[in-house]
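Note sheet for the following structure.
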Amino acid sequence: MKKIKNKRGEIVELKTGSALRSELKNIAVKDKRLANSADSLVKGNSSFLYRSYLDQNAVTVRDVARAFGYDNIGMEQVRTLYENDNTKPLFNTIVEDGIRIGYAKQGRAAQLVAKTVPIDQQTYQWYYIDDPDKDELDFSYVGQAAPIPTAVIKIDGNRIIRVFKRGAGVEITDEARSMNIDMLALHVQLRGQRLGRTDEYRAVERLLNGYFDDGADAAPTLGVKTANELKLTDAWYAAQYMQDKFGFTPKVAVMNLKTAEAWASQKEDSGNMIFLQEVKNGDMPDFINAAPFVSNQMPDNRIMLVDTDYALVNYQYKPLSVETDRNVKTQVEGSYATVTDEYVPFQKNARLILTLDQAR
Amino acid sequence: MAEAKQKAKKYKLKDPSTQYAEGSFTLSGKQEKELPEQPSHQLLRRIKAGFIVEAK
């Protein structure tokens, strides 16, 4: 065991071996979501558990590496870190860091999510307010002895949200363990970047089509003045309509590159480009007040206005975590990043889909 | 033969105030369209759930 000074100035003891494993198990058991899989998470040196352990003790990965004699951890070979029992648990945390950096760089799903809701089962009931556009939600005048108008949050017994595990792995052959940690970090960053992209695709898809197959959370739509012809005034009308009819403010406008080009090349009657300056600067012009969000998940002829404060919830059963496993037959050691979650629309009218192929 | 007949059928949204969009297959308003050659599982689930219905 090593003793080091933490961020709070306290002397903490860094546990190793079986003492560390029992500490990690305690952390897992205390977390309602992880209690069931505590043993397998500890066995796989879960980065989530180890990170929680570091947070509890207010120390960082670098503090621990330094305590065990690695001043510049990036320059060390993967083998060195991996074959030392004291530093082995750091490995997955470093891989997770790399994945998270890549994930954050490319993944824009977080821009669309109103809230991440942690859940402790793999299925979750759908809670909703019946027809929230009625006056019941208004802050209205209450007469003497009159009942206060209420909106009722209900549970829908027929509709259940199921979360799924999604994962991606990085395997390192025994021979490739000679690469240094910085090189590995770059490889896992690239992996994280891909995870981020697919996450974003899923979030956009859920907003576009809703989660439930029967359309219970399908978004309202609005056509344009003349079908197949997008005009500046259509964008203005859509923003006003969403505000006026549903009381939501569009903050993001999701569209594909072809539609974005049609928007960026809007012209005045004189033939001059309206957004010439933005195009010259390499910027994408705002869709009235909504920030543009170009995604190839959107089909042609659709622009989705999203009030990101209320449109989408991320139900998360297991947060992003990295575990290791070794295949004895192939002698390949792998680190596997998984997340178990789902994106589900929260308030269906917090998004409005402009159907450019329909006249309003 | 039965499969060919199935393909020729046209489908539309049950509720024309909504829309459906995946890749090149999109439905909005009262549009009626044939299904793509290889409809996705998601699209088939939507038909099963009655969100997208056969146009008659």
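Protein sequences appear in the order of chains A and B. Position 264 (the first sequence) corresponds to 259 in this note's numbering; numbering is contiguous. Position 19 (the second sequence) corresponds to 91 in this note's numbering; numbering is contiguous. All C-beta atoms, glycine included, are put in the ideal place defined by N, C-alpha and C.
Reduced DSSP category for residue i - H, G, I as helix; E, B as strand; rest coil
i	result
Ala218 of chain A	Sequence inspection shows Gly at residue 218 of chain A; the Ala mentioned does not correspond to that position. Gly218 of chain A falls in the strand class under three-state DSSP.
Met279 of chain A	coil
Glu328 of chain A	strand
Glu273 of chain A	helix
Ile298 of chain A	strand
Asp151 of chain A	strand
Lys358 of chain A	Outside the displayed range of chain A (-4 to 355) lies residue 358 of chain A, so it cannot be described from this structure.
Phe123 of chain B	coil
Lys0 of chain A	strand
Ala320 of chain A	Here residue 320 of chain A is Asp; the residue named in the question, Ala, does not match the sequence. Asp320 of chain A falls in the strand class under three-state DSSP.
Val108 of chain A	coil
Val7 of chain A	strand
Lys82 of chain B	strand
Ser89 of chain B	coil
Gln238 of chain A	helix
Tyr98 of chain A	helix
Leu115 of chain B	helix
Leu307 of chain A	strand
Ala211 of chain A	coil
Asp264 of chain A	coil
Thr367 of chain A	With chain A covering only -4 through 355, there is no way to say anything about residue 367 of chain A.
Leu315 of chain A	strand
Tyr136 of chain A	coil
Ala248 of chain A	strand
Span of the alpha helix (DSSP H) around residue i
i	result
Thr193 of chain A	Ile176 to Asn204
Gln353 of chain A	From DSSP, Gln353 of chain A is part of no alpha helix (DSSP H) but of the beta strand (DSSP E) over Arg346 to Ala354.
Glu256 of chain A	Leu252 to Ala259
Glu18 of chain A	Gly12 to Lys25
Gln116 of chain A	No alpha helix (DSSP H) contains Gln116 of chain A, which DSSP labels as neither H nor E.
Val37 of chain A	Ala33 to Lys38
Residue i: first and last residue of the uninterrupted beta strand (DSSP E) it sits in
i	result
Ala163 of chain A	Phe159 to Thr168
Ser100 of chain B	Phe97 to Ser100
Val289 of chain A	Ala286 to Val289
Hey, is the region 84 to 104 of chain B in contact with the region 138 to 146 of chain A, meaning 3+ C-beta pairs nearer than 8 Å? They do not touch, by the three-pair rule.
Contact between the region 346 to 353 of chain A and the region 175 to 184 of chain A (3+ Cβ pairs under 8 Å): No: the two stretches stay apart, fewer than three of their Cβ pairs being nearer than 8 Å.
Stretch-stretch touch, CB-based, cutoff 8 Å, three pairs: the region 249 to 261 of chain A with the region 288 to 297 of chain A: Enough Cβ pairs lie closer than 8 Å, so yes.
Listed from N- to C-terminal order along the chain, which residues in the region 66 to 95 of chain A have their beta-carbon within a distance smaller than 7 Å of any beta-carbon of chain B? Identification of residues in the region 66 to 95 of chain A having a C-beta nearer than 7 Å to some C-beta of chain B yields an empty set.
Counting only runs of 4+ residues fully inside the region 43 to 95 of chain A, write out the alpha helix (DSSP H) ranges in chain order. Correct list: 56 to 62 and 73 to 78.
Do the region 223 to 237 of chain A and the region 190 to 207 of chain A meet, that is, are 3 or more Cβ pairs less than 8 Å apart? Contact between the region 223 to 237 of chain A and the region 190 to 207 of chain A is absent, because fewer than three Cβ pairs lie under 8 Å.
Output, in sequence order along the chain, the residues in the region 233 to 253 of chain A whose CB is closer than 7 Å to any CB in chain B. Within the region 233 to 253 of chain A, no residue places its CB atom closer than 7 Å to a CB of chain B.
Between the region 191 to 206 of chain A and chain B, which residues of the former have a C-beta closer than 9 Å to a C-beta of the latter? Result list: Glu200, Leu203, Asn204 and Gly205.
Using Cβ-Cβ distances below 7 Å, what residues of the region 341 to 352 of chain A are close to chain B? Correct list: Ile348, Thr350 and Asp352.
What residues in the region 102 to 122 of chain A have a beta carbon less than 7 Å from any beta carbon of chain B? Those residues of the region 102 to 122 of chain A that come within reach of chain B (Cβ to Cβ, closer than 7 Å) do not exist; the list is empty.
Please list the residues of the region 147 to 163 of chain A that have a C-beta atom closer than 7 Å to any C-beta atom in chain B, keeping them in chain order. Those residues of the region 147 to 163 of chain A that come within reach of chain B (Cβ to Cβ, closer than 7 Å) do not exist; the list is empty.
Take every Cβ of the region 294 to 303 of chain A, pair it with every Cβ of the region 74 to 94 of chain A, and state whether three or more of those distances are shorter than 8 Å. At 8 Å Cβ cutoff, the stretches do not touch.
Interfacial residues, the region 112 to 123 of chain B to chain A, with Cβ spacing under 8 Å: So the close ones are Gln114, Arg117, Arg118, Lys120, Ala121, Gly122 and Phe123.
Counting Cβ pairs closer than 8 Å, one from the region 63 to 82 of chain A and one from the region 31 to 46 of chain A, do we hit at least three? Contact annotation: the region 63 to 82 of chain A does not touch the region 31 to 46 of chain A, with fewer than three C-beta pairs closer than 8 Å.
For the 8 Å Cβ check, are there 3 or more pairs between the region 104 to 122 of chain B and the region 251 to 265 of chain A? The region 104 to 122 of chain B, when compared against the region 251 to 265 of chain A, does not touch it at the 8 Å Cβ threshold.
Measuring CB atoms only, is the region 52 to 64 of chain A touching the region -2 to 14 of chain A, in the sense that at least three cross pairs come out at less than 8 Å? Between the region 52 to 64 of chain A and the region -2 to 14 of chain A there are three or more C-beta pairs closer than 8 Å, enough to call the two in contact.
Contact between the region 325 to 343 of chain A and the region 165 to 175 of chain A is defined here as three or more beta-carbon pairs at a separation below 8 Å; is this criterion met? With a cut-off of 8 Å, the region 165 to 175 of chain A and the region 325 to 343 of chain A count as touching, because enough Cβ pairs lie within range.
How about the region 93 to 107 of chain A and the region 181 to 190 of chain A: do they share at least three Cβ pairs that are nearer than 8 Å? Segments in contact, yes.
Is the number of C-beta pairs between the region 50 to 60 of chain A and the region 333 to 345 of chain A that are closer than 8 Å three or more? Judged by Cβ distances under 8 Å, the region 50 to 60 of chain A makes no contact with the region 333 to 345 of chain A, as fewer than three pairs qualify.
For the region 291 to 323 of chain A, list every residue whose C-beta sits within 7 Å of some C-beta in chain B, in sequence order. Taking 7 Å as the Cβ-Cβ cut-off, the region 291 to 323 of chain A approaches chain B at Pro294, Asn296 and Arg297, given in chain order.
Does the contact criterion of 3 or more C-beta pairs under 8 Å hold for the region 114 to 121 of chain B versus the region 208 to 222 of chain A? Taking a cut-off of 8 Å for Cβ pairs, the region 114 to 121 of chain B and the region 208 to 222 of chain A touch, as three or more such pairs fall below it.
Given 8 Å as the limit, is there contact between the region 14 to 23 of chain A and the region 47 to 58 of chain A, that is, 3 or more CB pairs closer than that? With the cut-off at 8 Å, the region 14 to 23 of chain A and the region 47 to 58 of chain A touch.
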